[in-house]
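The listed protein sequences derive, respectively, from chains A and B. If you count the first sequence from 1, position 138 lands on 138 in my numbering, and the numbers rise without skipping. Heads up, my numbering is the position in the second sequence plus 1000, with the first residue counted as 1. Quick notes on the structure that follows.
There are 2 protein chains.
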Amino acid sequence: MSSYDVKKEVTDKYSLRGRVFNKIREDILNGRYKVKEELREVAIGEEMGVSRTPVREAFRQLELEGLIQIVPNKGAYVTGITAKDVRDIYMMRSLLEGLCARWATENISKEQMEEMEENIFLSEFHASKGHAEQMAELDNRFHEIMYEACNSKMLEHALKDYHQYVLRVRKKTLSTQTRSTASNAEHRKIMEAIKEGNADMAEQLANRHMINAYENMVKNGFIEHYEEE
Amino acid sequence: MSSYDVKKEVTDKYSLRGRVFNKIREDILNGRYKVKEELREVAIGEEMGVSRTPVREAFRQLELEGLIQIVPNKGAYVTGITAKDVRDIYMMRSLLEGLCARWATENISKEQMEEMEENIFLSEFHASKGHAEQMAELDNRFHEIMYEACNSKMLEHALKDYHQYVLRVRKKTLSTQTRSTASNAEHRKIMEAIKEGNADMAEQLANRHMINAYENMVKNGFIEHYEEE
DNA sequence: TCTCGTATGATTGTATACAATTATACGAGA
DNA sequence: TCTCGTATAATTGTATACAATCATACGAGA
């Protein structure tokens, strides 16, 4: 539980605390703040023109998000993510994405099914044109559709969490041409299994899809830079 | 889940904020605060003799923990957990406990293996004596040993999260005699599979163990009371 | 009686002030 | 030169004060 994947997202983007939270989060994911860098309350507060109070509250949330670690009476430090952490998350995700595909097969709506088909159609188009930006966007969206279609807010939240978490590492993974094509083909097969109502197949394909994505990352050396310890 | 399951636990139990956090959390899990009850900052602060500041920070964390929901400018409300949520979590846990058993098979240390054997031995003893309290304790510990033995802090954290989360529902589940006996037998089989180095078997047994635990809960009607929506 | 607007109170959001803790610098003594 | 203790500065922890928002009560008008 700690929370668990049930935790709420920071929805009030318009409160100072929400804005601070999102800004720091983004800066960490973007790599502006390096691993083990110390975040000072006053500095961030001054930068955004707010007092320490909303900054501190944002820190507490970021700690539970796993992005920073707060040492009592000392400070807040950006947490690292090891290569093994990434591997573990992908293995966990693999199982849960499989479960998600299974539940999506049982619960997907007509509209969601259509959006998924459209997504794949568009992906194949942009792949043929070499549009990396749109490809990444569509890839994310494909998984989101599946998360929504599985009809479980617990599972959806867990998967979104994992997805967010590995974003730090993943960034430009999809930009290789060969992986893009393979990924599209895998998406299509998953979609077809869902459409046919073949839950076993959908689960198995989604399983494999995650593992393939991970192995591609390893092969192209996208992980090592983030190693620590 | 926010993060993800990677988020930190609240470790500084000795800060006011940490104490407030743990107290509120416990009160929610214990059922002192009912679902949808509104938590007021001043009231809780006065009760514990602290100001609003540490209470507010604790609230932010509890929100990400999924125990409360904060509506901007309105208040903090205890979140409910539906029967479907519990079911979903158990299905997710089933998969991840299986993975955990697999990794434990590959990574367990000699000391951990011995503690696990001792745990089972003690469990069977207390079962024969009908000591419900110790049984529950040992059951929790069995899973913790496996979490530690899997040698993955990501997976360990995720599983501890889920475990904590369903504690609200589970409470006295194990107290039925028949389930206690069956649970012990399942633990023993998992342990033996790990000891023999049979990862596939360990995974499969741990999978099934979770599902059995869930089905037992349903059969005995431990869930319905927590339903909402 | 019902509806709606206003006023009042309650509660949260943020800023600031002060206390406690930790880090750093510097100098005395060996 | 090195070590260690003290003083000072910097930073976090908590309390309080004020601002903004929301809920409630009440009364005027229809």
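Note that CB positions come from ideal geometry on N, CA and C, so glycine has one too. Quantities reported herein were computed from a predicted structural model and do not represent experimental measurements.
Chain B contact for residue i (CB, 8 Å cutoff)
| i | result |
| --- | --- |
| Asp-139 (chain A) | no |
| Arg-19 (chain A) | no |
| Asp-200 (chain A) | no |
Assigned exposure category for residue i - 16 Cβ within 10 Å defines buried
| i | result |
| --- | --- |
| Thr-79 (chain A) | buried |
| Arg-102 (chain A) | buried |
| Ser-128 (chain A) | exposed |
| Glu-156 (chain A) | buried |
| Asp-1161 (chain B) | buried |
| Glu-1026 (chain B) | exposed |
| Lys-164 (chain A) | According to the sequence as given, residue 164 (chain A) is Gln; it is not Lys. So Gln-164 (chain A) counts as buried. |
N-terminal and C-terminal residue of the beta strand (DSSP E) that residue i is part of
| i | result |
| --- | --- |
| Val-1071 (chain B) | 1068 to 1071 |
| Tyr-214 (chain A) | Taken as a continuous stretch (DSSP letters only), Tyr-214 (chain A) belongs to no beta strand (DSSP E), being part of the alpha helix (DSSP H) at 199 to 219. |
| Asn-1075 (chain B) | Reading off the sequence, residue 1075 (chain B) comes out as Gly, not Asn. Note, Gly-1075 (chain B): beta strand (DSSP E), 1075 to 1078. |
Residue i: contacting residues in chain B (beta-carbon distance under 7 Å)
| i | result |
| --- | --- |
| Met-91 (chain A) | Leu-1099 |
| Leu-96 (chain A) | Met-1092, Leu-1095 |
Delimiting residues of the alpha helix (DSSP H) encompassing residue i
| i | result |
| --- | --- |
| Val-1086 (chain B) | 1083 to 1107 |
| Gly-1018 (chain B) | 1016 to 1030 |
| Glu-1137 (chain B) | 1132 to 1149 |
| Lys-189 (chain A) | 177 to 196 |
| Gly-49 (chain A) | It is not in any alpha helix (DSSP H) - Gly-49 (chain A) carries neither H nor E in the DSSP assignment. |
| Lys-36 (chain A) | Neither: Lys-36 (chain A) is in no alpha helix (DSSP H) and is coded neither H nor E. |
| Ser-128 (chain A) | 110 to 129 |
Listed by chain order, chain A residues near residue i by CB distance under 7 Å
| i | result |
| --- | --- |
| Ala-1158 (chain B) | Met-92 |
| Asp-1085 (chain B) | Met-154 |
| Leu-1039 (chain B) | Under the 7 Å cutoff, chain A gives no residues; its nearest Cβ is about 15 Å from Leu-1039 (chain B). |
| Arg-1060 (chain B) | Glu-57, Arg-60, Gln-61 |
Proximity test, Cβ basis, 8 Å: residue i and chain A
| i | result |
| --- | --- |
| Arg-1056 (chain B) | yes |
| Asp-1088 (chain B) | yes |
| Glu-1065 (chain B) | yes |
Beta-carbon neighbours of residue i, restricted to chain A and to distances below 9 Å
| i | result |
| --- | --- |
| Glu-1122 (chain B) | According to the sequence provided, residue 1122 (chain B) is Leu. The question's Glu does not apply to it. The contacting residues do not exist; Leu-1122 (chain B) stays about 27 Å from chain A at best. |
query = If you pair each beta-carbon of the region 1195 to 1215 of chain B with each one of the region 1059 to 1073 of chain B, do three or more pairs fall below 8 Å?
reply = no
query = Below 8 Å, can you find three or more Cβ-Cβ pairs linking the region 1124 to 1144 of chain B to the region 1180 to 1190 of chain B?
reply = yes
key: Any 3 or more C-beta pairs closer than 8 Å across the region 1017 to 1025 of chain B and the region 1042 to 1060 of chain B   = yes
message = Pairs of beta-carbons, one from the region 1111 to 1127 of chain B and one from the region 1188 to 1203 of chain B, closer than 8 Å: are there three or more?
response = yes
The region 1145 to 1152 of chain B contacting the region 1100 to 1115 of chain B, beta-carbon criterion three pairs below 8 Å = yes
query = Counting pairs of Cβ atoms below 8 Å between the region 1033 to 1045 of chain B and the region 1069 to 1078 of chain B, do you hit three or more?
reply = yes
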